[in-house]
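**Student:** Take this structure first; my questions come after.
Number of protein chains: 2
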Amino acid sequence: MRQSILFTKTLKEAPKDEVSKNAQFLIRGGFVDKLFAGVYSILPLGVKVLSHIEHIVREELCRIDAQEVFLPALHPVENYQKTGRDGIDVLFFTEMHDGKRLVLGQSHEEVVTPLLQKYVQSYKDLPKSVFQFQTKFRNELRAKSGIMRGREFRMKDMYSFHETQSDADRYYALVEDAYRKIFDRLALGEATIKTYASGGTFSKYSHEFQTITSSGEDTIYLCESCRVAINKEIMADVNGQCPECGSRALEEKKAIEIANIFKLADRFTNAFSFTYTDQEGKKHPVIMGCYGLGITRTLGAIVEVHHDEKGIIWPESIAPYAAHLVSLCTERADVEAADELYHRLVAQGKDVLYDDRAGLRAGEKFADSDLIGIPKRVIVSPKTLANNTVEVRQRSGGEPEYVSLSAI
Amino acid sequence: MRQSILFTKTLKEAPKDEVSKNAQFLIRGGFVDKLFAGVYSILPLGVKVLSHIEHIVREELCRIDAQEVFLPALHPVENYQKTGRDGIDVLFFTEMHDGKRLVLGQSHEEVVTPLLQKYVQSYKDLPKSVFQFQTKFRNELRAKSGIMRGREFRMKDMYSFHETQSDADRYYALVEDAYRKIFDRLALGEATIKTYASGGTFSKYSHEFQTITSSGEDTIYLCESCRVAINKEIMADVNGQCPECGSRALEEKKAIEIANIFKLADRFTNAFSFTYTDQEGKKHPVIMGCYGLGITRTLGAIVEVHHDEKGIIWPESIAPYAAHLVSLCTERADVEAADELYHRLVAQGKDVLYDDRAGLRAGEKFADSDLIGIPKRVIVSPKTLANNTVEVRQRSGGEPEYVSLSAI
Numbered sequence: 000m001r002q003s004i005l006f007t008k009t010l011k012e013a014p015k016d017e018v019s020k021n022a023q024f025l026i027r028g029g030f031v032d033k034l035f036a037g038v039y040s041i042l043p044l045g046v047k048v049l050s051h052i053e054h055i056v057r058e059e060l061c062r063i064d065a066q067e068v069f070l071p072a073l074h075p076v077e078n079y080q081k082t083g084r085d086g087i088d089v090l091f092f093t094e095m096h097d098g099k100r101l102v103l104g105q106s107h108e109e110v111v112t113p114l115l116q117k118y119v120q121s122y123k124d125l126p127k128s129v130f131q132f133q134t135k136f137r138n139e140l141r142a143k144s145g146i147m148r149g150r151e152f153r154m155k156d157m158y159s160f161h162e163t164q165s166d167a168d169r170y171y172a173l174v175e176d177a178y179r180k181i182f183d184r185l186a187l188g189e190a191t192i193k194t195y196a197s198g199g200t201f202s203k204y205s206h207e208f209q210t211i212t213s214s215g216e217d218t219i220y221l222c223e224s225c226r227v228a229i230n231k232e233i234m235a236d237v238n239g240q241c242p243e244c245g246s247r248a249l250e251e252k253k254a255i256e257i258a259n260i261f262k263l264a265d266r267f268t269n270a271f272s273f274t275y276t277d278q279e280g281k282k283h284p285v286i287m288g289c290y291g292l293g294i295t296r297t298l299g300a301i302v303e304v305h306h307d308e309k310g311i312i313w314p315e316s317i318a319p320y321a322a323h324l325v326s327l328c329t330e331r332a333d334v335e336a337a338d339e340l341y342h343r344l345v346a347q348g349k350d351v352l353y354d355d356r357a358g359l360r361a362g363e364k365f366a367d368s369d370l371i372g373i374p375k376r377v378i379v380s381p382k383t384l385a386n387n388t389v390e391v392r393q394r395s396g397g398e399p400e401y402v403s404l405s406a407i
Numbered sequence: 000m001r002q003s004i005l006f007t008k009t010l011k012e013a014p015k016d017e018v019s020k021n022a023q024f025l026i027r028g029g030f031v032d033k034l035f036a037g038v039y040s041i042l043p044l045g046v047k048v049l050s051h052i053e054h055i056v057r058e059e060l061c062r063i064d065a066q067e068v069f070l071p072a073l074h075p076v077e078n079y080q081k082t083g084r085d086g087i088d089v090l091f092f093t094e095m096h097d098g099k100r101l102v103l104g105q106s107h108e109e110v111v112t113p114l115l116q117k118y119v120q121s122y123k124d125l126p127k128s129v130f131q132f133q134t135k136f137r138n139e140l141r142a143k144s145g146i147m148r149g150r151e152f153r154m155k156d157m158y159s160f161h162e163t164q165s166d167a168d169r170y171y172a173l174v175e176d177a178y179r180k181i182f183d184r185l186a187l188g189e190a191t192i193k194t195y196a197s198g199g200t201f202s203k204y205s206h207e208f209q210t211i212t213s214s215g216e217d218t219i220y221l222c223e224s225c226r227v228a229i230n231k232e233i234m235a236d237v238n239g240q241c242p243e244c245g246s247r248a249l250e251e252k253k254a255i256e257i258a259n260i261f262k263l264a265d266r267f268t269n270a271f272s273f274t275y276t277d278q279e280g281k282k283h284p285v286i287m288g289c290y291g292l293g294i295t296r297t298l299g300a301i302v303e304v305h306h307d308e309k310g311i312i313w314p315e316s317i318a319p320y321a322a323h324l325v326s327l328c329t330e331r332a333d334v335e336a337a338d339e340l341y342h343r344l345v346a347q348g349k350d351v352l353y354d355d356r357a358g359l360r361a362g363e364k365f366a367d368s369d370l371i372g373i374p375k376r377v378i379v380s381p382k383t384l385a386n387n388t389v390e391v392r393q394r395s396g397g398e399p400e401y402v403s404l405s406a407i
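Order-wise, the sequence lines are chains F and B.
Residues 0 to 407 in numbering that gives the first Met the number 0 are what the first sequence spells out, letter by letter.
Residues 0 to 407 in numbering that gives the first Met the number 0 are what the second sequence spells out, letter by letter.
Right, dumping it as structure tokens:
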């Protein structure tokens, strides 16, 4: 991609109302733009990063036999009356011309449960697991922390269906394992802590995955030896002790909840009378689990964890481009040599951002490149061309390397 | 993908209220499911097809320097007041807790125009083109024809921004060319006709791309020699003549509008006072074009064009899987041989649907396979295994081929 074609430009200053680092860098770098509080447009560089995040999530979930669907955003309010969730205060409502009331999906239990009910009749049809990447709508009283708590945001939600609670528990553990692999691949593994949280009415605990960062909205208490944490909300319920080792030596941390896993038991299947028939012909309620992973939140969390004072430092696995080719060439022959190098990289199948913009000083180009944060920078200049080389630098620091043009 | 894991099942009968062939086959095959009139869930096989369609569209648009964005679905109503479109009758509205009114996006001029305005100041910043794949919401009085006229549907919309009308016209022709390539790759090229339609207030004509099919909602008049058509709506305006050759020998056809291209001139940029500065420092309104392509509609149109009485016949380019491996094996050694073949194909990177379901007769499996419509069927049975072969059949017909196991 030629940077001269890209419609976004980097901004020197972030909007004053954006206090979190992730929002500041993502807006300044041209990854997202705020339409209004809690609602953001994803710009070309952001689309690239999100697609890489989603690719990783999809791969790991397909490995545990989850199937991708794409469910509607418009839900009949009757489904919420059945589950008793038509009164929750974060719902957006809309209406058809005939007066039929609709809910904008903030979660999809009310759609996925009756959908699976159409296809699952017998124990032979279980277990099943379905997931989607969807826009979610939450009528938040206050939107804050940039893309962290949005009124409209992108999320991966997954729902699993089982004969028994023990089979649901087996799958719950598989999802936890898949999530760990996802966080590792997103370079969030170390900073992301499995956290005990309220299980609601149908389970003692649920589990959140909290990424430790000073700008986090949540407070958690970390047990360093178990590498688990307890959400502040339930500290009284666990008597201030780690639920795994009983230790009281817990450290208070700020964190962002990027994912959660819930045991739903028959909370939603009962509401829809969704049962299956066992081998003896007896009917039982189907047992459910649900598993969220905030895609836009994860984007923000990655920036919170991977940045310095100059900008973002993308992990390789999700960087918008594999390399940032920065040309400092101005003379025609040099520009042509830089163009040729770019075309050669593209022909090799390399996904490269090519800073071919004319009229900018080297310092301006490097500042932009630091802000955008592509992990590998390849500098082509009259000086490097004179030596038949390019200069290669890692965004994370270290000494430059000089690579011969023919070796690229 | 093992078919035994897939949560969907084929249905013998389509719901009675689905009259169009595309809806009948897509529902019976397990590609989509209706939540309520005009609102469908996309199921795993449907997600695969849609992702292939979107991949082709994305590739062709990136070739004409369009940049992918992902814009919000929630729009401030003030933006519609500026363009005077807050009164159009297909809008869904919702409201925040503080009373702020929002529109659910049915098109994105009101969001993309002020977005580009933030980044475009000078002639040097033009031209630009951005596109997205988004869910669109239309408060239709009546939803009909399956996924063809939905209240919620998936669409590719693109917007281009130019210094002059002649530059916008140049890009308009590029998009037309990209669309032709897309339709060819989607096996809709022959059936899809460029159609003159109303240009609205800002242009004499717009152009639609109409796919000829007996179940189409639109009526067009085809000029066979020019391979263009005229939408019935403007037949009086063109005096019943082909606008290209003047012929009156036009044939009436039913068709589905799967895409359209519009010249917007300064209709939307004026509403936002979106100007650019030319080389002499003078300000001019930015000139716009917009280019829609219905993704769920295209899915439906492909099924309308590519089916027989037994089910869908997917074009290879967008088939949910490259091959349908149908096992008729029941004895353990045979089942193991079939499993091994499946694993070998997966290891080769082949995306295969494997009908490993036990307890079904061959006729039932073939009927399902005909309905689902994967272009290549590979049958493995005790008989073929005895000869160390598989039987390969094309969904479109013709004689079976026998291929040795070792050659696969």
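For glycine and all other residues, C-beta sits at the position ideal for the given N, C-alpha and C.
(1) Counting pairs of beta carbons, one from the segment 67-84 of chain F and one from the segment 20-37 of chain F, are three or more of them closer than 8 angstroms?
(2) Quick one: list the residues of chain B neighbouring Ala-72 of chain F, beta-carbon separation under 8 angstroms, in chain order.
(3) Spell out a yes or no on whether the segment 236-247 of chain B and the segment 279-286 of chain B are touching, meaning 3 or more CB-CB pairs, one atom from each, closer than 8 angstroms.
(4) Just checking my contact of Glu-250 of chain F with Leu-221 of chain F at CB under 8 angstroms: how many whole Å lie between their CB atoms?
(5) Tell me which same chain residues have a C-beta within less than 7 angstroms of the C-beta of Tyr-171 of chain B, skipping the five on either side of it?
(6) Pick helix, strand or coil for Tyr-320 of chain B, following the three-state DSSP scheme.
(7) Look up Ile-378 of chain F in the DSSP assignment and give the residues it is bridged to.
(8) Does His-96 of chain F pass the burial test, meaning 16 or more other C-beta atoms within 10 Å, or should it be called exposed?
(9) Do Ile-294 of chain B and Ile-41 of chain B have their beta-carbon atoms positioned less than 8 angstroms apart in this structure?
(10) So, does the CB of Thr-7 of chain F fall closer than 8 angstroms to a CB anywhere in chain B?
(11) Would you check if the distance between the CB atom of Met-147 of chain F and the CB atom of Gly-348 of chain F is smaller than 8 angstroms?
(12) Under a three-way DSSP split, which group does Phe-414 of chain F fall into?
(13) In the DSSP assignment, what are the bridge partners of Pro-75 of chain F?
(14) Measure how close the beta-carbons of Gly-334 of chain F and Lys-20 of chain F come, nearest whole angstrom, since I'm counting them as under 8 angstroms.
(15) Report the CB separation of Ile-407 of chain B from Val-389 of chain B in whole angstroms; it is logged as a contact under 8 angstroms.
(16) On the criterion of 16 or more Cβ atoms from any shown chain inside 10 Å, does Leu-101 of chain B qualify as buried, or is it exposed?
(17) Buried or exposed for Pro-374 of chain F, going by 16 or more other Cβ atoms inside 10 Å?
(18) Which residue marks the beginning of the alpha helix (DSSP H) containing Val-174 of chain F, and which one marks its end?
(19) Based on Cα-Cα distance, which residue from B:His-342, B:Val-89, B:Gln-164 lies nearest to Arg-141 of chain B?
(20) Please return the same chain residues whose Cβ sits closer than 7 angstroms to the Cβ of Gly-224 of chain B, not counting the five positions on each side in sequence.
(21) Kindly list the residues whose CB is nearer than 7 angstroms to the CB of Val-345 of chain B, restricted to its own chain and excluding five residues on each side of it in sequence; keep chain order.
(22) Check whether the Cβ of Lys-81 of chain F lies closer than 8 angstroms to any Cβ atom in chain B.
(23) If we ignore side chains and look at the alpha-carbon of each, how far apart do Val-46 of chain B and Ser-395 of chain B end up?
(24) The alpha helix (DSSP H) that contains His-409 of chain B, what's its start and end?
(25) With DSSP collapsed to three states, give me the class of Leu-25 of chain B.
(26) Counting Cβ pairs closer than 8 angstroms, one from the segment 193-202 of chain B and one from the segment 159-167 of chain B, do we hit at least three?
(27) Return the bridge partner residues of Lys-353 of chain F from the DSSP annotation.
(28) Report the neighbours of Met-95 of chain F on chain B: residues whose CB is nearer than 7 angstroms to its CB, in chain order.
(29) How big is the Cα-Cα spacing for Leu-10 of chain F and Ile-26 of chain F?
(30) Using DSSP's beta-bridge definition, name the partner residues of Leu-221 of chain B.
(31) Run the CB neighbour count on Gln-393 of chain B, radius 10 Å, all protein chains shown included, and call it buried at 16 or more, exposed below.
(32) Going by other Cβ atoms of all chains shown within 10 Å of its Cβ, with 16 needed for buried, is Ser-205 of chain B buried or exposed?
(33) What is the DSSP secondary structure of Ser-19 of chain F, counted as helix, strand or coil?
(34) Please decide whether Tyr-170 of chain B counts as near chain F, where near means a Cβ-Cβ distance under 8 angstroms.
(35) For the beta strand (DSSP E) that Arg-62 of chain F lies in, which residues bound it at each end?
(36) Going by beta carbon distance, what residues of the same chain come within less than 8 angstroms of Ile-181 of chain F, once the five residues before and after it are set aside?
**Tutor:** Inspection of the coordinates gives the following:
(1) no
(2) The residue labelled residue 72 of chain F in the question sits at position 73 within the first sequence. Against chain B, a Cβ distance below 8 angstroms from Ala-72 of chain F picks out Ala-72, Thr-134, Phe-136, Glu-151.
(3) no
(4) Taking the first sequence and counting its residues from 1, the one referred to as residue 250 of chain F is at position 251. Taking the first sequence and counting its residues from 1, the one referred to as residue 221 of chain F is at position 222. Indeed, because the Cβ distance is near 5 angstroms, the residues count as touching under 8 angstroms.
(5) Locating residue 171 of chain B in the second sequence gives position 172, counting from the first residue. When the five nearest sequence neighbours on each side are left out, the beta carbons in the same chain lying within less than 7 angstroms of the beta carbon of Tyr-171 of chain B are those of Ile-260, Lys-262, Gly-288, in order along the chain.
(6) The sequence position of residue 320 of chain B within the second sequence is 321, counting from 1. In the structure shown, Tyr-320 of chain B adopts coil according to DSSP, grouped into three states.
(7) Position 379 of the first sequence, counted from the start, is the residue given in the question as residue 378 of chain F. For Ile-378 of chain F, which the question treats as bridged, DSSP gives the partners F:Val-325, F:Glu-390.
(8) Reading the first sequence from its first residue, position 97 is the one you call residue 96 of chain F. Counting Cβ neighbours within 10 Å, His-96 of chain F comes out exposed, since fewer than 16 surround it.
(9) The residue labelled residue 41 of chain B in the question sits at position 42 within the second sequence. The residue labelled residue 294 of chain B in the question sits at position 295 within the second sequence. No. Outside cutoff.
(10) Counting from 1 along the first sequence, the entry for residue 7 of chain F is found at position 8. In terms of beta-carbon proximity, Thr-7 of chain F lines the interface with chain B, with at least one pair separated by less than 8 angstroms.
(11) The residue you call residue 147 of chain F lines up with position 148 of the first sequence. The residue you call residue 348 of chain F lines up with position 349 of the first sequence. Result no, Cβ atoms of Met-147 of chain F and Gly-348 of chain F do not sit closer than 8 angstroms.
(12) No answer is possible for residue 414 of chain F: the residues shown for chain F start at 0 and end at 407.
(13) Taking the first residue of the first sequence as position 1, residue 75 of chain F is located at position 76. Pro-75 of chain F is bridged to F:Leu-101.
(14) Counting from 1 along the first sequence, the entry for residue 334 of chain F is found at position 335. Counting from 1 along the first sequence, the entry for residue 20 of chain F is found at position 21. According to the sequence as given, residue 334 of chain F is Val; it is not Gly. Not really, about 36 angstroms apart at Cβ, beyond 8 angstroms.
(15) Along the second sequence, one-based indexing puts residue 407 of chain B at 408. Along the second sequence, one-based indexing puts residue 389 of chain B at 390. 7 angstroms between Cβ atoms; contact.
(16) The residue you call residue 101 of chain B lines up with position 102 of the second sequence. The residue in question, Leu-101 of chain B, is buried, as its Cβ has 16 or more Cβ neighbours within 10 Å.
(17) Residue numbering aside, residue 374 of chain F sits at position 375 when the first sequence is read from its first letter. Buried, since its Cβ has 16 or more Cβ neighbours within 10 Å.
(18) Numbered from its first residue, the first sequence carries residue 174 of chain F at position 175. Segment 164-184, the alpha helix (DSSP H) holding Val-174 of chain F.
(19) Here residue 141 of chain B refers to the residue found at position 142 of the second sequence. Comparing Cα-Cα distances from Arg-141 of chain B to each of B:His-342, B:Val-89, B:Gln-164, the minimum goes to B:Val-89.
(20) Here residue 224 of chain B is taken as the residue at index 225 of the second sequence, counted from 1. Contrary to the premise, residue 224 of chain B reads as Ser rather than Gly in this sequence. Cys-244, Ser-246, listed in sequence order.
(21) Numbered from its first residue, the second sequence carries residue 345 of chain B at position 346. So the list reads Val-351, once near-sequence residues are dropped.
(22) Here residue 81 of chain F refers to the residue found at position 82 of the first sequence. No - not a single Cβ of chain B is within 8 angstroms of the one on Lys-81 of chain F.
(23) Indexing the second sequence from 1 puts residue 46 of chain B at position 47. Indexing the second sequence from 1 puts residue 395 of chain B at position 396. Val-46 of chain B and Ser-395 of chain B: Cα-Cα distance of roughly 23 angstroms.
(24) Residue 409 of chain B lies beyond the residue range present for chain B, which begins at 0 and ends at 407; the question has no answer from this structure.
(25) Within the second sequence, numbered from 1, the residue matching residue 25 of chain B stands at position 26. Helix at Leu-25 of chain B.
(26) no
(27) Your numbering for residue 353 of chain F matches position 354 in the first sequence. It should be pointed out that residue 353 of chain F corresponds to Tyr in this sequence rather than to Lys. Answer by DSSP bridge pairing, in chain order: F:Arg-1, F:Leu-324.
(28) Residue numbering aside, residue 95 of chain F sits at position 96 when the first sequence is read from its first letter. Under the 7 angstroms cutoff, chain B gives Asn-138.
(29) Here residue 10 of chain F is taken as the residue at index 11 of the first sequence, counted from 1. Here residue 26 of chain F is taken as the residue at index 27 of the first sequence, counted from 1. Going from the Cα of Leu-10 of chain F to the Cα of Ile-26 of chain F covers about 8 angstroms.
(30) What you label residue 221 of chain B is simply residue 222 of the second sequence in a count that begins at 1. Beta-bridge pairing links Leu-221 of chain B to B:Ala-228, B:Glu-250.
(31) As a first step, residue 393 of chain B must be located in the second sequence, where it is residue number 394. That one is exposed.
(32) For the purposes of this step, residue 205 of chain B is taken as the residue at position 206 of the second sequence. So Ser-205 of chain B ends up on the buried side.
(33) On the first sequence, position 20 is the one that residue 19 of chain F refers to. Ser-19 of chain F falls in the coil class under three-state DSSP.
(34) Position 171 of the second sequence, counting from 1, holds the residue named residue 170 of chain B. So no, Tyr-170 of chain B is outside the interface.
(35) The sequence position of residue 62 of chain F within the first sequence is 63, counting from 1. It is not in any beta strand (DSSP E) - Arg-62 of chain F instead sits in the alpha helix (DSSP H) that spans 43-62.
(36) Along the first sequence, one-based indexing puts residue 181 of chain F at 182. Once the five neighbours on either side are set aside, the close Cβ partners of Ile-181 of chain F are Ile-55, Val-56, Glu-59, Leu-292.
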